[in-house]
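Asks: Numbering-wise, the UniProt record's numbering puts 70 at position 70 of the sequence shown, and it's gapless, one number per residue. Even glycine gets a Cβ: it sits at the ideal position worked out from N, Cα and C.
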Amino acid sequence: MGRTLQNTMINLGLQNACDEAVYQLGLDMEELEEIEEDAGLGNGGLGRLAACFLDSMATLGLAAYGYGIRYEYGIFNQKIRDGWQVEEADDWLRHGNPWEKARPEYMLPVHFYGRVEHSASGAKWIDTQVVLALPYDTPVPGYMNNTVNTMRLWSARAPNDFNLRDFNVGDYIQAVLDRNLAENISRVLYPNDNFFEGKELRLKQEYFVVAATLQDIIRRFKASKFGSTDSVRTVFDSFPDQVAIQLNDTHPAMAIPELMRIFVDIEKLPWDKAWDITKRTFAYTNHTVLPEALERWPVDLVEKLLPRHLQIIYEINQRHLDHIASLFPNDVDRLRRMSLIEEGDTKRINMAHLCIVGSHAVNGVAKIHSEIVKTQVFEDFAALEPEKFQNKTNGITPRRWLLLCNPGLAELIAEKIGEDYVRDLSQLTKLHEFVDDDLFIREVAKVKQENKVKFALYLEKEYKVKINPSSMFDVHVKRIHEYKRQLMNCLHIITMYNRIRRDPAKLFVPRTVIIGGKAAPGYHMAKMIIKLINAVAQVVNNDPMVGSKLKVIFLENYRVSLAEKVIPATDLSEQISTAGTEASGTGNMKFMLNGALTIGTMDGANVEMAEEAGEENLFIFGMRVEDVTELDRKGYNAQLYYDRLPELKQAVDQIKSGFFSPKDPNLFNDVVNMLFYHDRFKVFADYEAYVKCQEKVSELYLNSKAWTKMVIRNIAAAGKFSSDRTIKEYARDIWHVEPSNLKIPPPNEPRDAGQDKTPNGTAA
C-alpha cells in the first residue's frame, strides 16, 4: 500500500488546505510525509496491483472490501553492504499505525489440525486447534466522491485458554509463552515473488486469511435483507448475486473447499447446490506462467493441517474427472493432465486447477498473457469451457501514480485538457492536439528536467555520487529475477563502458543507469546479480576516462515511496523480460504515464502499450513469443552468440576473468556458467538487438524536441492503463455490478431518505 497520508489528502480534496495549515504551523508537509513508514504487505507487482484496485473500486463507488493479513513484519528492508543485499526486518508498526482501527468485536475463530468424524448427520471436523483472527480496518477513500471503503486485515491471536485446557496442566508459564506459536501466523510476509515455497506456516497463512474472510462475508450476508431464513436455515440461493469473491492468484485457493465445507457440513446444503453457489461466487485471476511459481501443495501437509478440506478437494476432483471421462472416454492422459491431484514421488494438489474448476471466470492480466493461459498453460481447461476464460489487462491508479508523485505534470495536463481526466484517463487522448505545440513541448521537457534535478539531489544526498541531471536517466526498477533480465541491462552497461574506453573522444550520450529491486532472500542467482551490478558500478563510477558520461547506481530498498520519487524523473524505462514471461507488468504503465519512453520486448502489457501509442513510439526489440518457441524447438546454444559477437564476448570475459572482482576473480563463475549452460531466459539471444536498440535511444535523446514529442504521444496513449478501466471490466464482465460515478452526500449533509446507500447490491 505504501504511505497513506498524501493519498488520503488528495482523494479527499484536502491537500492544498493541509499544506497551507501545516505551513502556518511552521512545518513542511513534505518533511512530515517522509516520516511515515511504507505499508509493505506484499511482494512486487501482485501486491501493488491489489492496492491500485482498492483505490479504483472506491473511486468507482463499488461496495468492495480488500481482505488480507496484517503482517507484523512486511517485506524486508534491503541494505546493500559491500555490494551484497542484506535483509533487515521491516518493523513497520514500531511507532504504531494511525490509519488502522482494531475491531475486536468482529474477532473470529479459525481451526487447524484435528480429524474428521463421519456420521449419519454428515462430516464433523473435531479436536482442532483454534486461532483467533482479529480484524484491523483501514479506510480506503475514493477520489472526491465521499465514498470510503474498507481494507480489512486479519491478525492472529491465541485464545485465552490456549494450551491451558488439556495437557499443560502444571506449566502455566510455558503455556502462556506458547501463545506465540499461534500468533506467529501473522508475524511475517514470505518474501518470494514469482516463486512457490511449500512451507507449513505459509499454508497456515493462506487458510487463516481465507477462513476468517469467508466467515465475515457470511456473517454480513446473513445480517442483510438477502440472508432470509426459512424458520431455521439461511437460504443461500441469492448468495452469488450478492457476493463476488475475486481470487488474486492461487494464494487464497483454499477458499473454494472452505466455502464448500461451510455450505455442506455446517449449513447442511446438498453437495450439488453448494457447488453451484460456490462456482458462481468465485472468479480466479492468474498472474504468472512460470512453472516454479505455481502452487502445488503436498497432500500429506494438507491432510495434517486441514483434513476435511483434503476430503472435499478429493470429492471435487472425483466429480470433475468423472465429467471429463464422460466427454473423453479412454483418454487417461487427459485425465492425468487435468486432475487437481498430481501423482509423483510426493502427491500434490495443483491449486491453479482447483481455482479453474471452482470458479465461473478465469482471467489473465494482459492480452498476450491471457492467450498463453488459454493456448498453453491451461489449454485442456480452455478447450472444455472456452467461455470461462477472459482477459483483464492490468492498470494503475492515476491518483497515486500521477497526481501524487508528479504534481507538475498533472497540473500541466490539467491546464490543457481540464481536470476530469483524473477520473477518466481516456481523456488523455486530447493531448494529441498539442504534440506540435512548441510551448507545450518546452513545458513538458521543463517538468521532466525539474523532476530529474530533484531526484539527482536525492541521489547525491543518499549515495554521495555526483549526478549529471542532463544525462539520460535510464531506469530498471522491479523485483530482481532472471526472467526480468537485469543481467542483459548489466551487459549493456559493460558494453557502453568498453566503448567509452575504446574511443574516449567519440560523442557519447551521457547516461545515469539506475537499477533497483529486492531479491528473495533464498534466491542465490538474484543476489549474485545484485552483487554484479554493484561491482560493475564500482569500476565504472571510479574510472576517470568515463567521468560524467556514465554513472551506475543500484537503488537500495526499492519500495512504493521510492518508486514515487524515481518514476517521475525517468527518461528511459527498461521492460526487457523474455517474451512470454512477464504476465503484464505495471511499472511499464507508471513510466509511460510519467513521461518516460520505453525500451522493451513484446511481452506483457508492453504489447498493448505499443498498440495504443504506435510501435514507432516505443523502442521495441528482440524475440517475439513465436521466436522464443522456435528457439526452444531448435535448442538454445548460448556459445553461438558469444562466438559471433565480439562486444558480448569482451563483456562476458571481463566478468569471467575478475575484471569487476579483482580480489576474487571467480566470484561470478555461477553467473557466467548459468548464462552459457542453463539460461532459460536467453539473455545472449537478445543482446545484439538490445544494444542496437539502445543506440537508437541515444540518437533520439540528442534531439530533445523529437524526444519530447514522442513522450507526449506516449502520455496521450496511456489512458487505457488506468486501473479504473480494469475495474470497470471486472465489474461488468465478472462481478455483474455497475460502477457509479455518483458523489454521495458528505456526512455533514442530510441524506435523501429515499436514497439507498448501495444502488446495486453485490459486494466484491
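Spatial neighbours of PHE76 within its chain, please: C-beta separation below 8 Å, excluding the five flanking residues on both sides.
Replies: As a first step, residue 76 is located in the sequence shown; it is residue number 76 there, counting from the start. Within the same chain, PHE76 has close Cβ partners GLU87, GLU88, ALA89, ASP90, PRO191, LYS518 and PRO521.
Asks: Using the Cβ count rule (16 or more neighbours within 10 Å means buried), how would you classify TYR113?
Replies: To locate residue 113, count along the sequence shown from 1; it is residue 113. Exposed, since its Cβ has fewer than 16 Cβ neighbours within 10 Å.
Asks: Quick check: MET254 and ALA274, are their CB atoms within less than 7 Å of each other?
Replies: By 1-based counting over the sequence shown, the position of residue 254 is 254. By 1-based counting over the sequence shown, the position of residue 274 is 274. Result no, Cβ atoms of MET254 and ALA274 do not sit closer than 7 Å.
Asks: Where do the N-terminal and C-terminal ends of the alpha helix (DSSP H) with THR726 fall, by residue?
Replies: The count along the sequence shown starts at 1 and reaches residue 726 at position 726. Counting along the chain, the alpha helix (DSSP H) containing THR726 begins and ends at 723-730.
Asks: Enumerated in chain order, which unbroken segments of the beta strand (DSSP E) with a length of 3 residues or greater are wholly contained in the segment 313-389?
Replies: Listed in chain order, the complete beta strand (DSSP E) runs (minimum 3 residues) inside the segment 313-389 are 348-350 and 362-364.
Asks: Using the DSSP secondary-structure output, state which residues sit across from ASP474 in a beta bridge.
Replies: By 1-based counting over the sequence shown, the position of residue 474 is 474. For ASP474, which the question treats as bridged, DSSP gives the partners VAL513 and LEU572.
Asks: Going by DSSP in three states, ILE80 sits in which element: helix, strand or coil?
Replies: Along the sequence shown, read from residue 1 onward, the residue named residue 80 stands at position 80. Looking at ILE80 - three-state DSSP - the assignment turns out to be strand.
Asks: To which residues does DSSP link LYS430 through a beta bridge?
Replies: For the purposes of this step, residue 430 is taken as the residue at position 430 of the sequence shown. DSSP output for LYS430 lists no bridge partner at all.
Asks: List, from N- to C-terminal side, the beta strand (DSSP E) runs of 3 residues or more that fit wholly inside the segment 576-634.
Replies: Entirely contained in the segment 576-634, the beta strand (DSSP E) runs reaching 3 residues are, in chain order, 597-600.
Asks: Between which residues of its own chain and residue 773 is the CB-CB distance below 6 Å, once the five residues before and five after are set aside?
Replies: A question about residue 773 goes unanswered here, because the residues of the chain that appear run from 1 up to 764.
Asks: Consult DSSP for PRO135 and reduce its assignment to one of helix, strand or coil.
Replies: Within the sequence shown, residue 135 is the residue found at index 135, counting from 1. Looking at PRO135 - three-state DSSP - the assignment turns out to be strand.
Asks: Using DSSP with H/G/I as helix, E/B as strand and the rest coil, what is PHE554?
Replies: Stepping through the sequence shown from its first residue, residue 554 is reached at position 554. If DSSP states are grouped into helix, strand and coil, PHE554 belongs with the strands.
Asks: Here's the rule: buried if 16 or more other CB atoms are within 10 angstroms of the residue's CB, otherwise exposed. What is ASP756?
Replies: Here the question's residue 756 lines up with position 756 in the sequence shown. Unreliable placement is indicated for ASP756, whose pLDDT of 43 sits below 50; the coordinate value is still reported in the next sentence. Exposed: under 16 other Cβ atoms inside 10 Å.
Asks: Opposite ASN248 in the DSSP bridges: which residues?
Replies: Sequence index remark: in the sequence shown, residue 248 carries index 248 (1-based). ASN248 is bridged to THR285.
Asks: For the segment 34-101, which segments carrying the alpha helix (DSSP H) assignment without a break, of at least 4 residues, lie completely within its bounds, in sequence order?
Replies: If we require 4 residues or more, the alpha helix (DSSP H) runs fully inside the segment 34-101 come out as 44-59.
Asks: If contacts are defined as beta-carbon pairs under 8 Å, then LEU41 and ASN194 qualify, I think. What distance do you get, rounded to the angstrom?
Replies: By 1-based counting over the sequence shown, the position of residue 41 is 41. By 1-based counting over the sequence shown, the position of residue 194 is 194. About 17 Å; that fails the 8 Å criterion.
Asks: Which value, in whole angstroms, describes the spacing of the CA atoms of VAL540 and ALA596?
Replies: The count along the sequence shown starts at 1 and reaches residue 540 at position 540. The count along the sequence shown starts at 1 and reaches residue 596 at position 596. Those two C-alpha atoms are separated by around 25 Å.
Asks: Cβ of ALA175 within 7 Å of Cβ of LEU164?
Replies: Taking the first residue of the sequence shown as position 1, residue 175 is located at position 175. Taking the first residue of the sequence shown as position 1, residue 164 is located at position 164. Yes. Within cutoff.
Asks: In whole angstroms, what is the alpha-carbon distance linking ASN145 and GLY198?
Replies: Taking the first residue of the sequence shown as 1, we reach residue 145 at position 145. Taking the first residue of the sequence shown as 1, we reach residue 198 at position 198. Each residue's Cα considered, the two are about 43 Å apart.
Asks: Nearest-angstrom Cα distance between ASP424 and LEU491?
Replies: The residue you call residue 424 lines up with position 424 of the sequence shown. The residue you call residue 491 lines up with position 491 of the sequence shown. Their backbone Cα atoms lie some 41 Å apart in a straight line.
Asks: Could you compute how far the alpha carbon of ASP436 sits from the alpha carbon of ALA212?
Replies: Indexing the sequence shown from 1 puts residue 436 at position 436. Indexing the sequence shown from 1 puts residue 212 at position 212. Approximately 56 Å, taken between the alpha carbons.
Asks: Is the beta carbon of LEU247 closer than 7 Å to that of LEU402?
Replies: To locate residue 402, count along the sequence shown from 1; it is residue 402. To locate residue 247, count along the sequence shown from 1; it is residue 247. In this structure, LEU247 does not lie closer than 7 Å to LEU402 by Cβ.
Asks: So, does the segment 333-342 touch the segment 569-580, judging by three or more C-beta pairs under 8 Å?
Replies: Short answer: they don't touch.
Asks: Thinking just about the alpha-carbon of each residue, which of ASP171, GLU200 and GLY170 is nearest to the one in ASN184?
Replies: Mapped onto the sequence shown, residue 184 falls at position 184. The residue with the shortest Cα to Cα distance from ASN184 is GLU200.
Asks: Hey, how far is the Cα of ARG152 from the Cα of VAL131?
Replies: Walking along the sequence shown from the start, residue 152 turns up at place 152. Walking along the sequence shown from the start, residue 131 turns up at place 131. Rounded to whole angstroms, ARG152 to VAL131 spans 17 Å at the Cα level.
Asks: Out of curiosity, what's the CA-to-CA distance linking ARG115 and GLY44?
Replies: Taking the sequence shown and counting its residues from 1, one reaches residue 115 at position 115. Taking the sequence shown and counting its residues from 1, one reaches residue 44 at position 44. Cα to Cα, the separation comes out at about 37 Å.
Asks: Could you tell me the alpha carbon to alpha carbon distance between PHE239 and ARG219, rounded to whole angstroms?
Replies: Within the sequence shown, numbered from 1, the residue matching residue 239 stands at position 239. Within the sequence shown, numbered from 1, the residue matching residue 219 stands at position 219. The straight-line gap from Cα to Cα measures roughly 12 Å.
Asks: Quick one: is PRO665 buried, meaning 16 or more other Cβ sit within 10 Å of its Cβ, or exposed?
Replies: For the purposes of this step, residue 665 is taken as residue 665 along the sequence shown, with counting starting at 1. Exposed, because fewer than 16 other Cβ atoms sit within 10 Å of the Cβ of PRO665.
Asks: Which residue or residues does DSSP assign as beta-bridge partners of MET29?
Replies: Taking the first residue of the sequence shown as position 1, residue 29 is located at position 29. Partner(s): none; MET29 has no beta bridge.
Asks: Which runs of the alpha helix (DSSP H) at least 4 residues long sit entirely within the segment 107-171? Give them in chain order.
Replies: List check, alpha helix (DSSP H) in window: nothing returned.
Asks: Give the straight-line distance between the Cα atoms of PRO759 and ALA133, rounded to the nearest whole angstrom.
Replies: Walking along the sequence shown from the start, residue 759 turns up at place 759. Walking along the sequence shown from the start, residue 133 turns up at place 133. In this predicted model, PRO759 has a pLDDT of only 44, less than 50, meaning its place in the structure is not dependable; the value taken from the coordinates is given anyway. Each residue's Cα considered, the two are about 31 Å apart.
Asks: Ends of the alpha helix (DSSP H) at ARG220?
Replies: Residue numbering aside, residue 220 sits at position 220 when the sequence shown is read from its first letter. Where ARG220 is concerned, the enclosing alpha helix (DSSP H) stretches over 200-223.
Asks: Across the segment 547-566 and the segment 498-518, are there enough close Cβ pairs to call them in contact, namely three or more that are closer than 8 Å?
Replies: Verdict: yes, contact present.
Asks: So, with DSSP's three-state summary, where would you put ILE530?
Replies: The sequence position of residue 530 within the sequence shown is 530, counting from 1. Reduced to three states, the DSSP call for ILE530 is helix.
Asks: How would you label TYR523, buried or exposed, when you count the other beta carbons within 10 angstroms and need 16 or more for buried?
Replies: Here residue 523 is taken as the residue at index 523 of the sequence shown, counted from 1. Classification for TYR523: buried.
Asks: Using 8 Å as the Cβ pair cut-off and three pairs as the minimum, do the segment 391-410 and the segment 682-694 touch?
Replies: Cβ pair count under 8 Å is below three, so no.
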